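Peer 1: Please see the structure below; I have some questions.
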Amino acid sequence: MLNKKFNAVVVMASMLVGLTLSSVASAHPRWVLPSHFTISKEGGDWLTFDVTASHGTFVMDKPAGSETAQVVMPDGRKERPDFVLRGKRRSVFDFHFTEEGTHRVQINGTPSYVTSYKAGKRDTQKRLRANKVERAALLPEGARDVSSTLNYTRAETYITVGKPSEKPLPLEGKFLELQPITKPADIVATEPVRFQLFFNGKAQAGVKAEITRDGTLYRNQQDQIDVVSDEQGFIEFTPEIAGRYILKASHRAPIINNPLAEKMNASVHLTFEAILP
Amino acid sequence: MKGIYFSYWLLGLMVALPGWAKTIPASASMGVEFELPQVQASIYARPYVAVWIEDKKRQPVRTIQLWVGDDEWLKDLRSWWRKVGRDDRSVVDAVTSATRPVGQYRFTWDGLDQQGKRVEQGDYTFYVEVVREHGGRNYIRQKITLGEESFVLQIAPTEETGNITLHYQLN
Chain A
220 MLNKKFNAVV VMASMLVGLT LSSVASAHPR WVLPSHFTIS KEGGDWLTFD VTASHGTFVM
280 DKPAGSETAQ VVMPDGRKER PDFVLRGKRR SVFDFHFTEE GTHRVQINGT PSYVTSYKAG
340 KRDTQKRLRA NKVERAALLP EGARDVSSTL NYTRAETYIT VGKPSEKPLP LEGKFLELQP
400 ITKPADIVAT EPVRFQLFFN GKAQAGVKAE ITRDGTLYRN QQDQIDVVSD EQGFIEFTPE
460 IAGRYILKAS HRAPIINNPL AEKMNASVHL TFEAILP
Chain B
617 MKGIYFSYWL LGLMVALPGW AKTIPASASM GVEFELPQVQ ASIYARPYVA VWIEDKKRQP
677 VRTIQLWVGD DEWLKDLRSW WRKVGRDDRS VVDAVTSATR PVGQYRFTWD GLDQQGKRVE
737 QGDYTFYVEV VREHGGRNYI RQKITLGEES FVLQIAPTEE TGNITLHYQL N
């Protein structure tokens with residue numbers, strides 16, 4: 220009797236662990252939080268950045284590296300940050316901003332692949348960390364509905380030194396990308412904000428984005444704003460309260476002629492501040 | 617026919633333009649009585665202060681006072697920095713001065729814009745932004761009409777500002 224109970228507990232516990240692990244692997248959004256968004260000091264200043272992955276807005280949680288961090292300078296060239304540290308639940312880097320204008324700070328992932336399939340008599344949905352090429356050796360016999368998905372996430376934010384740049388920063392033309400139409404330094408609480416979303420370099424309709432204000436740990440509701448991009452890829456929303464926000468946009472689409480995947484799941488996680496009106 | 621309409625239009629413009637472009641009298645100026653109040657606080661730092669004028673299209677006309685000291689903190693005057701400071705470094709260099717202690721102050725706006733030109737008659741807004749470290753921020757907007765009539769205007773105190781009185785004088 221006791222033994223049976225114990226077994227049940229073990230099974231439950233291992234199921235829970237399994238759930239936790241799988242969500243660690245896939246679902247914690249990665250984001251960056253700068254110490255400041257604006258620099259007024261003549262000659263520039265140092266800023267520090269935290270990078271982590273978590274469910275709460277601006278709650279440090281899972282390790283996420285900053286080794287791929289780049290600062291896109293106002294003229295479009297890319298620089299590497301100085302002083303990258305990797306901690307247990309976040310990574311940190313600092314950068315000395317000296318050039319006038321708008322900078323994009325980005326910590327982009329590398330494409331990762333997941334193959335999903337059905338197997339067994341009960342059509343159990345299963346997943347493998349493998350792309351189209353690798354999966355052949357790994358899939359069990361009789362696997363059905365096999366498809367591989369490319370996952371790619373950009374974590375980014377904008378820093379403005381002095382006067383914001385007139386010209387928008389160039390996009391890569393790959394995966395999902397966000398172009399601020401409202402300049403990041405001009406986001407003011409109670410005023411509408413306009414951004415444009417691009418998928419593989421083209422304005423993309425139907426991209427879903429959710430915008431959440433700092434401090435989800437200290438309120439009962441997420442209070443998130445949900446928007447969907449229009450025909451020209453534009454989204455518009457109004458942050459009612461001043462503060463730091465994260466915008467999470469994602470887009471799933473089939474991709475053709477890709478040797479490694481049939482589908483893409485691409486995201487942009489943008490951190491911005493809405494200043495006091 | 618077209619030519620005639622055009623000359624009427626031109627004539628209309630010539631009549632209308634001097635009306636638009638009429639500046640405030642050469643002797644006009646605005647005196648400002650300004651108070652930084654006593655605040656009970658365990659850590660008191662002198663506040664950062666910006667006082668400026670915008671026109672009715674909300675374009676900055678002139679920064680009258682800027683008490684900051686170190687330009688690293690200019691950005692903490694959030695509204696002034698976004699609307700005025702970040703666009704024109706020369707404004708900062710022209711008016712910036714050290715922070716001031718609690719007390720009563722008097723300063724005068726000479727009625728000139730940032731480029732040194734006498735401003736046109738019309739509606740303007742008088743702005744004050746005060747930000748104190750370990751303290752609060754107050755942002756004051758007061759509509760004013762600058763013309764050929766003098767006025768005295770009182771602005772109610774806030775947490776970070778005491779009595780403010782505007783004296784628009786013609787001589």
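Residue numbers (the numbering used here), protein chains in the order written: chain A, 220 to 496; chain B, 617 to 787. Virtual Cβ for every residue (Gly too), placed ideally from N, Cα, C. Quick caveat: nothing in here was measured; it's all calculated off a predicted structure.
Go through its chain and collect everything with a Cβ distance to G462 of chain A's Cβ below 8 Å, but skip five positions before and after it.
Peer 2: A408, R432, D433, G434, E492, A493
Peer 1: Please classify Y755 of chain B: does DSSP put it in a helix, a strand, or coil?
Peer 2: Strand.
Peer 1: Using the DSSP secondary-structure output, state which residues sit across from G647 of chain B in a beta bridge.
Peer 2: In the DSSP output, where bridge partners are listed per residue, G647 of chain B has B:T724, B:H783.
Peer 1: Quick one, which residues of the stretch 251–262 of chain A are near chain B if we go by CB-CB under 8 Å, in chain order?
Peer 2: H255, T257, I258, S259, K260, E261
Peer 1: Compare the C-alpha of I454 of chain A against each of A:K482, A:L416, A:A356 and name the closest.
Peer 2: A:L416
Peer 1: So which of A:V278, A:V303, A:P293, A:S273 has the shortest CA-CA distance to E286 of chain A?
Peer 2: A:V303
Peer 1: To the nearest angstrom, how far is it from the Cα of T239 of chain A to the Cα of T334 of chain A?
Peer 2: Note that T239 of chain A scores 35 on pLDDT, short of 50, meaning its location in the model is unreliable and no value can be drawn from it.
Peer 1: With a Cβ-Cβ cutoff of 9 Å, do Q731 of chain B and Y743 of chain B count as a contact?
Peer 2: no
Peer 1: Kindly give me the distance between the Cβ atoms of E318 of chain A and P293 of chain A, rounded to whole angstroms, as I take these residues to be in contact under 8 Å.
Peer 2: 5 Å
Peer 1: Return the residue from the list A:A480, A:T257, A:E429, A:A355 that minimises the CA-CA distance to S695 of chain B.
Peer 2: A:T257
Peer 1: Report yes if the CB atom of F650 of chain B is closer than 9 Å to the CB atom of I760 of chain B, and no otherwise.
Peer 2: For F650 of chain B and I760 of chain B, no; Cβs fall outside 9 Å.
Peer 1: Report, in whole angstroms, the separation of the C-beta atoms of Y784 of chain B and D671 of chain B, which I expect to be a contact under 8 Å.
Peer 2: Going by Cβ atoms, the distance from Y784 of chain B to D671 of chain B rounds to 16 Å, so no, they are not a contact pair.
Peer 1: With three or more beta-carbon pairs closer than 8 Å as the criterion, would you say the stretch 385–399 of chain A touches the stretch 476–492 of chain A?
Peer 2: Contact between the stretch 385–399 of chain A and the stretch 476–492 of chain A is present, because at least three Cβ pairs lie under 8 Å.
Peer 1: So if I threshold CB-CB distances at 7 Å, which residues from the stretch 480–494 of chain A count as touching chain B?
Peer 2: I494
Peer 1: Run down chain A in chain order and give the residues with a C-beta less than 7 Å from the C-beta of R694 of chain B.
Peer 2: I494, L495
Peer 1: With three or more beta-carbon pairs closer than 8 Å as the criterion, would you say the stretch 373–383 of chain A touches the stretch 353–362 of chain A?
Peer 2: no
Peer 1: Return the first residue and the last residue of the alpha helix (DSSP H) that L357 of chain A is part of.
Peer 2: That run of the alpha helix (DSSP H) goes 354–357.
Peer 1: If you follow the alpha helix (DSSP H) that R698 of chain B is part of, which residue opens it and which one closes it?
Peer 2: 694–699
Peer 1: Which residues mark the beginning and the end of the beta strand (DSSP E) in which R705 of chain B is found?
Peer 2: First-last for R705 of chain B: 705–711, but that is the alpha helix (DSSP H), not the beta strand (DSSP E).
Peer 1: Taking Cβ-Cβ distances shorter than 7 Å, what residues in chain B pair up with K382 of chain A?
Peer 2: Those are R702, D703, listed as they occur along chain B.
Peer 1: Y371 of chain A by DSSP, collapsed to three states: which one?
Peer 2: strand
Peer 1: In terms of DSSP beta bridges, what is K482 of chain A paired with?
Peer 2: A:T368, A:P473
Peer 1: What is the rounded straight-line gap between the Cα of N477 of chain A and the Cα of A338 of chain A?
Peer 2: 25 Å
Peer 1: Taking the Cβ atom as the reference point for each residue, do G322 of chain A and W265 of chain A lie within a distance shorter than 9 Å?
Peer 2: Contrary to the premise, residue 322 of chain A reads as His rather than Gly in this sequence. No, the Cβ-Cβ distance between H322 of chain A and W265 of chain A is not below 9 Å.
Peer 1: Just grab the DSSP bridge partners of Q344 of chain A for me.
Peer 2: Residue pairing for Q344 of chain A: DSSP places it in a beta bridge opposite A:K337.
Peer 1: Name, in chain order, the residues that DSSP records as bridge partners for D686 of chain B.
Peer 2: None; D686 of chain B has no bridge partner.
Peer 1: Is A710 of chain B close to chain A? Criterion is C-beta to C-beta, closer than 9 Å.
Peer 2: no
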